[in-house]
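Below is one structure, written out as structure tokens, with a few remarks after it.
Numbering (our numbering), first residue to last: 10 to 393.
See below:
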């Protein structure tokens, strides 16, 4: 019995090492690298067509983007992108398409900013209240789409898109009618500024007076929590099982309705966190110029990162770098829209590249299974 156990453990170890074989790791790394090269090639063709030099453009973007001020801006932008992508990714892992992240985040930021500016509490409680309000509002707004899907069969793509429009109109109405105060030195309006106890200081960066958002660590905690929730918990197993096959999940005792409602609520709650780094670390008020479109950027970054928290982090940093480095293009007479072309091409190229890698791996696995069936396994030989 002991010899059989040792043989089985040896076979398991060999199979684990086979999964980590260099050629498989190489496939994982080559896919995004080729996608980036393809995106650079497509962008270069567009640049040539517009009369700009691709080499000059890329060099200018790289030099400008690596300046200390721009590095800080890239990290700050990537922080919000990361939270947006994680909010989208948890739905993707269950085949739920939460397209309403942008509306959920903006409505959550508005109401949490209003509450934060209206109350006066000790620092930890003040910050906690603002974050709890943001998470609650985001979860509640996303749950509307979950309820419509579960009880009325409404596709979440349609409902969340419509809820985006409603959230934008509702937010503008509340801001202009009830919540707004004049912003000094401009024609802009915003909520009452959050007091000092509700603010989170930034992190100093060498060579610049700009500061990294203090809530960058919140993004790290969210990524770690996402990993353990999806990959190391019973809820995560049920979530992934439901995404792979709802009928199989039902057969194993999983309530699909419950999973849809919970997943949409969690996705919306995470969406509520998107505005917190800027609200608590920079603007301290929600105004008409609060950034929009973060939810849609999060969709692309989640696809780019394969719904993996580590991959999403690289995707968020890449998109943040491209956004910041594009500012130098206008000064050189180069249309900055080239960055949008580059980002879109990167996402499409990575999706195609990973699909090719997936098919190659399936062929390799089929070949490996055929080889194993053709030859006796070590446990069988040990048992004999």
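Ideal Cβ positions, reconstructed from N, Cα and C, are used throughout, including at glycine. Predicted model only: the values in this text are computed from it and were never measured.
{"Asked": "Residue 355 classed as buried or exposed, judged by whether at least 16 other C-beta atoms fall within 10 angstroms", "Found": "buried"}
{"Asked": "Residue 292 versus residue 299 - alpha carbon distance", "Found": "9 Å"}
{"Asked": "Cβ-based neighbour list, residue 311, same chain, cut-off 7 Å, excluding 5 preceding and 5 following", "Found": "94, 97, 98, 101, 321"}
{"Asked": "Nearest candidate by alpha-carbon position, reference residue 345, set 55, 41, 39, 44", "Found": "55"}
{"Asked": "Nonlocal neighbours in the same chain, by C-beta distance under 8 Å from residue 215, ignoring five residues either side", "Found": "77"}
{"Asked": "Residue 44 burial status per 10 Å Cβ neighbour count (16 or more: buried)", "Found": "buried"}
{"Asked": "Same chain only: Cβ atoms within 6 Å of residue 324, ignoring 5 sequence neighbours per side", "Found": "310, 313, 314"}
{"Asked": "Extent of the continuous alpha helix (DSSP H) to which residue 199 belongs", "Found": "From DSSP, residue 199 is part of no alpha helix (DSSP H) but of the beta strand (DSSP E) over 198-200."}
{"Asked": "8 Å Cβ cutoff, residue 243 in contact with chain B", "Found": "In the structure shown, chain B cannot be found, because there is only a single protein chain."}
{"Asked": "Runs of alpha helix (DSSP H) wholly within the stretch 300-381 (minimum 4 residues, chain order)", "Found": "303-313, 318-334, 336-340"}
{"Asked": "Distance, residue 52 Cα to residue 358 Cα", "Found": "13 Å"}
{"Asked": "Residue 316 versus residue 110: straight-line alpha-carbon distance, rounded", "Found": "15 Å"}
{"Asked": "Cβ-Cβ distance between residue 116 and residue 207 below 8 Å", "Found": "no"}
{"Asked": "Sequence-distant residues of its chain with Cβ nearer than 6 Å to residue 308 (five each side left out)", "Found": "97"}
{"Asked": "Nearest candidate by alpha-carbon position, reference residue 174, set 114, 326, 333", "Found": "114"}
{"Asked": "Spatial distance of residue 236 from residue 248 (CA atoms)", "Found": "13 Å"}
{"Asked": "Residues sharing a beta bridge with residue 212, DSSP", "Found": "221"}
{"Asked": "From 148, 139, 136, residue whose alpha carbon lies closest to that of residue 274", "Found": "148"}
{"Asked": "Proximity to residue 212 [Cα-Cα], best of 126, 80, 61, 263", "Found": "80"}
{"Asked": "Of the residues 126, 375, 329, the one placed nearest residue 201, counting alpha carbons only", "Found": "126"}
{"Asked": "Anticipated Cβ contact below 8 Å, residue 124 with residue 108, distance rounded", "Found": "Not really, about 27 Å apart at Cβ, beyond 8 Å."}
{"Asked": "DSSP three-state assignment for residue 256, whether helix, strand or coil", "Found": "helix"}
{"Asked": "7 Å CB neighbourhood of residue 397 in its chain, flanking five on each side removed", "Found": "Here the chain covers residues 10 to 393 and nothing more, so residue 397 does not appear."}
{"Asked": "Simplified DSSP state of residue 189, which is helix, strand or coil", "Found": "strand"}
{"Asked": "Range of the contiguous alpha helix (DSSP H) that encloses residue 82", "Found": "77-101"}
{"Asked": "Those runs of the alpha helix (DSSP H) which lie wholly inside the stretch 121-179 and span at least 4 residues", "Found": "132-161"}
{"Asked": "Cut-off 7 Å between Cβ atoms - residues of its own chain near residue 352, not counting five sequence neighbours on either side", "Found": "309, 328, 331"}
{"Asked": "Three-way DSSP call (helix, strand, coil) for residue 296 in this model", "Found": "strand"}
{"Asked": "Whole-Å CB distance - residue 89 paired with residue 225, under 8 Å assumed", "Found": "That belief does not hold up - the Cβ atoms of residue 89 and residue 225 are roughly 10 Å apart, past 8 Å."}
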